[in-house]
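One structure is given here, and the rest of the page talks about it.
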Amino acid sequence: MASTAARTNETVIREAYAAFNEGDMETVFSIMSPDVEWVEPQGSRFSGTHRGADSVMEEVFAPVAAEMAEFVVEVDRVIDAGDTVVVLGTDRGTVRDSGETVAAPFAHVIELRDGQITRCSNYTDTHAWEQALAA
Numbered sequence: 004m005a006s007t008a009a010r011t012n013e014t015v016i017r018e019a020y021a022a023f024n025e026g027d028m029e030t031v032f033s034i035m036s037p038d039v040e041w042v043e044p045q046g047s048r049f050s051g052t053h054r055g056a057d058s059v060m061e062e063v064f065a066p067v068a069a070e071m072a073e074f075v076v077e078v079d080r081v082i083d084a085g086d087t088v089v090v091l092g093t094d095r096g097t098v099r100d101s102g103e104t105v106a107a108p109f110a111h112v113i114e115l116r117d118g119q120i121t122r123c124s125n126y127t128d129t130h131a132w133e134q135a136l137a138a
């Protein structure tokens with residue numbers, strides 16, 4: 004991985020998504036500020052504001068991994084606006100217990116400082132998620 008100073012915020016975010024899809028949570032964790040704020044939308048079983056990288060891992064990422072047999076975050080577009088990066092894409096996965104699939108479009112609005120994520124606001128189709136998880 005290149006030094007943080009030489010990388011754009013877009014590059015940092017693309018690396019984070021690639022690491023997530025490869026199951027490399029160590030890299031994902033290293034890209035998050037220790038005091039990151041992670042906002043999941045109302046209407047989701049993961050909803051709320053999760054504070055701290057440990058909380059994000061325990062309250063968002065681990066429960067998703069437990070529910071899903073397969074899960075990837077497909078990135079369609081990354082918009083680099085300096086300290087804010089917007090990622091548009093689709094969450095795709097298969098629910099472990101039922102075999103139901105989910106394909107939920109999302110927009111992630113991510114704020115960075117010194118090459119680390121300080122805040123992520125997730126806008127996604129919570130209805131698609133809940134339908135798949137409730138099946």
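Heads up: the sequence shown begins at 4 in this note's numbering, then just goes up one per residue.
From the three backbone atoms N, C-alpha and C, an ideal C-beta is built for every residue, glycine too.
Treat the numbers as computed from the prediction; the structure is a model and nothing was measured.
Over what stretch of residues does the alpha helix (DSSP H) that includes A21 continue unbroken? 12-24
Opposing strand residues paired with P66 [DSSP bridges]: Paired residues: none, contrary to the question.
Exposed unless 16 or more other CB atoms sit within 10 angstroms - verdict on Q119: buried
What residues in its chain sit with their C-beta under 7 Å from that of F23, if we drop five residues either side in the sequence? V31, V76
Quick one: residues in its chain with C-beta nearer than 7 Å to the C-beta of D128, no 5 flanking neighbours on either side, listed in chain order? A107, P108
Straight-line Cα distance separating D27 from F64: 12 Å
Can you tell which of E13, A135, E25 has its C-alpha closest to the C-alpha of E103? A135
Given this structure, state the Cα-to-Cα distance separating M60 from D94, to the nearest angstrom. 17 Å
Using the Cα positions of A137 and L115, report the straight-line distance between them to the nearest angstrom. 34 Å
V15 versus I34 - alpha carbon distance: 8 Å
Ranges of the beta strand (DSSP E) found wholly within the region 51-99, counting only runs of at least 3: 51-54, 71-84, 87-98
heavy atom of the ligand ADP below 8 Å from V88 C-beta: The ligand ADP is not part of this structure, which contains no ligands at all.
Taking C-beta to C-beta, are E70 and H53 nearer than 9 Å? no
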